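Since the structure comes first, as structure tokens, the remarks are kept for the end.
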Amino acid sequence: MEPKRELSSVDLAALATELSRYEGAKLDKAYLYDEDLLRLKLRDFDRGRIELLIEVGENKQAHVADPSRVPDAPGRPPEFAMMLRGRIESADLVSVEQYEFDRILVFEFERPDQNTTLVVELFGDGNVAVLDETGEVVRSLETVRLKSRTVAPGSQYEFPQSRLNPLEVDYDTLEARMEQSDTDVVRTVATQLNLGGFWGEELCTRAGVEKTMDIADAGEDEYRAIHRELMELAEALRSGQFDPRVYVELDEDGDDDADRPLTERGRVVDVSPVALEERSDLPSRAFDSFNPALEEYFYRLKEQAQREEEGGGRERPDFEAEIEKEKRIIEQQEGAIEGFEEEAEEFRRKAEICYARYDLIDEVLSTIQDARDANTPWADIQETLEEGAEQGIPAAEAVVDVDGAEGTVTVDVDDERITLDATTGVEKNADRLYQEAKRVEGKKEGAREAIEDTRERLEAVKQRREEWEAEPEPEPDETSEEREETDWLSRESIPVRQPEHWYEEFRWFHTSDGYLVIGGRNADQNEALVKKYLDKHDRFFHTQAHGGPVTILKASGPSEPSSAVDWPESSLEEAAQFAVAYSSVWKDGRGAGDAYMVEPDQVSKTPESGEYLEKGGFAIRGDREYFRDVACRVAVGITCDDETRVIGGPPSAIEPDAATTITLEPGKFAQNDAAVKCYREFKSRFTDESFVRKVASADKIQEFLPPGGSDLLDA
């Protein structure tokens, strides 16, 4: 059985109930790891330190974690984390809620100077959006632009299309929804009640209803049994009376080692806030509350992935999880189409009522328009209509609300509430409602097209599974040459290997001959490079133009013995190109520039008599070796063989070492926009998109881009 990697709507309902107990805690710090793991460190008066982990990548989880299981803080916080700290450090957590019955958690933070909303989307590709007091997106991990919704900085945040909340459905509504279906009972429960495949099966099993029963053969007995179990589940989720379980598939010797916790004796496969009938054949470990169950489950799940990765051999991609994901998307899309049909029908019904009750509605609109022509305030109009309703005037009785700010009136006619533009007549209001119906119908067509795309992806995953299973296992003595020819872009899963190096705080690259080149990012680093890292056998590079990084071609590492080097011409040219590309030459939009090279003893921090050296400046004495008209181009790429990381620098040095690269030249896109474009292009090239998110986020790419505008040449 493939382990569960995403929390369900039922899980989030239980989680929101438990997390609400932490309301009142104060946020200390926010951290972001690998673009998909957010850590919020809070303090609570009664509970002390609270570590909240939220992951929106391959695994989609949220829970409070034991501090001993929290990853160490990353060395350099990315821009998203810095922005989040600026908005919510020292803020109070005032509420945690699940949005409707969707896989969305909403965290509200308050601070005297500003309030912030954190929206965590644990569906699809996953996302975290930071909203201001008006609901405008300040920043989001992912930008979303779909026909149905937009999540982008500067825009109003849009939640997904509202759907039925099964935890609040009454029996009559449930019966009506079930009767609309033409399939079997379990699929009807899954789609019509917005519960999804697994909980559709679980609810049928609990209710004692045959899953494969045709809906035409089901009746009140089955519907009432399902509704009863649904209400019991809803009450448990609201009250917090849980029976949390982690379900395990035991190893062969798992039963013989009872001294160890159950979750250490096999593979964890599921976690739930309540005991599951559908998992009754599996052993489970019980917990006092849901948060520790979630923590244990995802902690063990990560351990399992690491063991499988270290086990060697041909790693099987998780085809089943991909297939289930695409099936869930199809279910959601089919449900969205049903919702669009209902919404369009509602608009048409309201338009038809406008004509069927023309006289009544016309009287309401005419009354308001006459009053406005006489400069009667909206509040007085509302009061007059209320008095008319008390006197039994039909038109006044129909009015529910008058909104002067919007210029609308809401009427209740034939058991239908209709909001009308009070400044126009019946015909224009009816026409507007018909147009709204057409607009929603258009969304339905878009959803149908999206379903076809999803079905194609589903078939593609199945095809890849067949091809993988038909492919023979590689021989154990696979040669290094064969390993070098690995098609990393097509790999379903790429293990992350990212050791730390002393030079990563600077700009850096390795030449095509293997020599390290380092450069300063600012005046402080320029100063440090000359004082601490410039050794006697190194070479010093700088641009002829003012405003460039100190660039050092290293003969050896800081702690290595140094000896003279017969420098290859290719390494010298690449170091010169590096110095030019990351200087003001690029920022000025020029296509080429000049650089020079000197030996370390020609570089001095002592100015000439009567002169002054500003911070990061230096004096050069003696002859210089010039490199003329050096092309202003850099490449960024992703390495996958020995290490997995972003690299950047002269194209001739980067392209041989990277699995794929993008070349840039001075252009129109700001540095951060160019980084985002590179990130999206890399995601489109790799089959394993989660790998790109982990090792090559936009923030990491931006570290290798020159200051100023850029154009992408091969994307």
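Whatever position you read off the sequence shown (first residue = 1), add 1 for my numbering.
Don't be surprised by glycine CBs; every beta carbon is placed ideally from N, CA and C.
Keep in mind it's a predicted model, so treat the numbers as computed, not measured.
Sequence-distant residues of its chain with Cβ nearer than 7 Å to residue i (five each side left out)
i: P707; result: A582, Y583, W587 and V635
i: Y1; result: Outside the displayed range of the chain (2 to 716) lies residue 1, so it cannot be described from this structure.
i: E19; result: G241, S290, F291 and N292
i: P284; result: V249, L251 and L263
i: R629; result: D595
i: D712; result: L665, E666, G668, K669 and F670
i: D126; result: E143
i: V714; result: It is Leu, not Val, that sits at residue 714 in the sequence shown. Hits under 7 Å: T664, L665 and E666.
i: D700; result: P79 and E80
i: F619; result: V531, V604, S605 and K606
Cβ-Cβ separation, residue j to residue i (assumed contact under 8 Å), whole Å
i: I216; j: D185; result: 6 Å
i: I382; j: I369; result: 6 Å
i: S163; j: P154; result: Between P154 and S163 the Cβ distance is about 24 Å, and since that is not below 8 Å, they are no contact.
i: V121; j: V57; result: 7 Å
i: V441; j: R418; result: Not a contact, Cβ separation roughly 17 Å.
i: S290; j: F320; result: Contact flag wrong, Cβ pair sits at about 34 Å.
i: I330; j: V462; result: Going by Cβ atoms, the distance from I330 to V462 rounds to 12 Å, so no, they are not a contact pair.
i: R286; j: R246; result: 7 Å
i: N166; j: E101; result: 5 Å
i: A15; j: L238; result: 5 Å
i: S149; j: K444; result: 6 Å
Bridge partners - residue i, DSSP secondary structure assignment
i: R301; result: Per DSSP, none; premise fails for R301.
i: N116; result: E111
i: V247; result: V272 and R286
i: P608; result: None; P608 has no bridge partner.
i: S96; result: E109
i: P667; result: S711
i: D404; result: T409
i: G649; result: V637
i: V566; result: Bridge partners of V566: none, in fact.
i: W509; result: I519
i: N128; result: E122
i: H543; result: Y597
Exposure label - residue i; buried when at least 16 CB within 10 Å
i: T117; result: buried
i: T552; result: buried
i: Q703; result: buried
i: Q99; result: buried
i: Q193; result: buried
i: I621; result: exposed
i: W509; result: buried
i: L147; result: exposed
i: Q333; result: buried
i: P657; result: exposed
i: V11; result: buried
i: Y158; result: buried
i: G739; result: This structure leaves residue 739 out entirely; the chain is present only between 2 and 716.
i: V135; result: As written in the sequence, residue 135 is Thr, which differs from the Val given in the question. Classification of T135: exposed, given that the 10 Å Cβ count is below 16.
i: Y224; result: buried
i: E472; result: exposed
i: S281; result: exposed
i: K303; result: exposed
i: E468; result: exposed
i: R540; result: buried
i: S491; result: exposed
Contact set for residue i: own chain, Cβ-Cβ below 6 Å, skip 5 residues either direction
i: E482; result: With a pLDDT of only 40 at E482, under the threshold of 50, the placement of this residue in the model should not be trusted; the figure read from the coordinates follows. Excluding sequence neighbours, E482 sits near nothing in its chain.
i: S572; result: T512, D514 and Y516
i: E479; result: Any reading at E479 must be qualified, since the residue scores a pLDDT of 43, below 50, and its modelled position is unreliable; no value is offered.
i: P318; result: E493 and S494
Chain-order list of residues whose beta-carbon lies under 8 Å from that of residue i (same chain, five-residue window excluded)
i: V410; result: V365, L366, I369, V400, D402, V403, D404, T420, L421 and A423
i: S21; result: S96, V97 and E98
i: E485; result: Because the pLDDT at E485 is just 46, under 50, the model does not fix this residue reliably, and the point stays unresolved.
Residue-chain proximity (residue i, chain B), Cβ-Cβ < 8 Å
i: E159; result: Absence of chain B from the displayed structure is noted, only one protein chain being present.
If contact is defined by three or more beta carbon pairs under 8 Å, each pair taking one atom from either stretch, is the region 341-349 in contact with the region 204-213? Contact between the region 204-213 and the region 341-349 is absent, with fewer than three C-beta pairs closer than 8 Å.
Are at least three pairs of beta-carbons, each pair with one atom in the region 586-600 and one in the region 541-548, less than 8 Å apart? The region 586-600 makes contact with the region 541-548: 3 or more CB pairs, one atom from each, lie closer than 8 Å.
Spell out a yes or no on whether the region 690-699 and the region 491-507 are touching, meaning 3 or more CB-CB pairs, one atom from each, closer than 8 Å. yes
The region 12-29 contacting the region 87-97, beta-carbon criterion three pairs below 8 Å: Yes, the region 12-29 is in contact with the region 87-97.
Quick check: the region 51-68 against the region 673-685, are at least 3 beta-carbon pairs closer than 8 Å? no
For the structure I just gave you, are there three or more beta carbon pairs, one from the region 379-395 and one from the region 200-209, closer than 8 Å? no
Contact between the region 284-298 and the region 61-77: three or more CB pairs below 8 Å? yes
The region 269-278 touching the region 2-16, judged by at least three CB pairs closer than 8 Å: yes
contact_flag[the region 354-363, the region 445-459] where n(CB pairs < 8 Å) is 3 or more: no
Would you check if the region 525-537 and the region 657-669 touch, i.e. whether three or more CB-CB distances between them fall below 8 Å? no
Decide if the region 453-464 is in contact with the region 642-656; the criterion is three or more beta carbon pairs, one per stretch, under 8 Å apart. no
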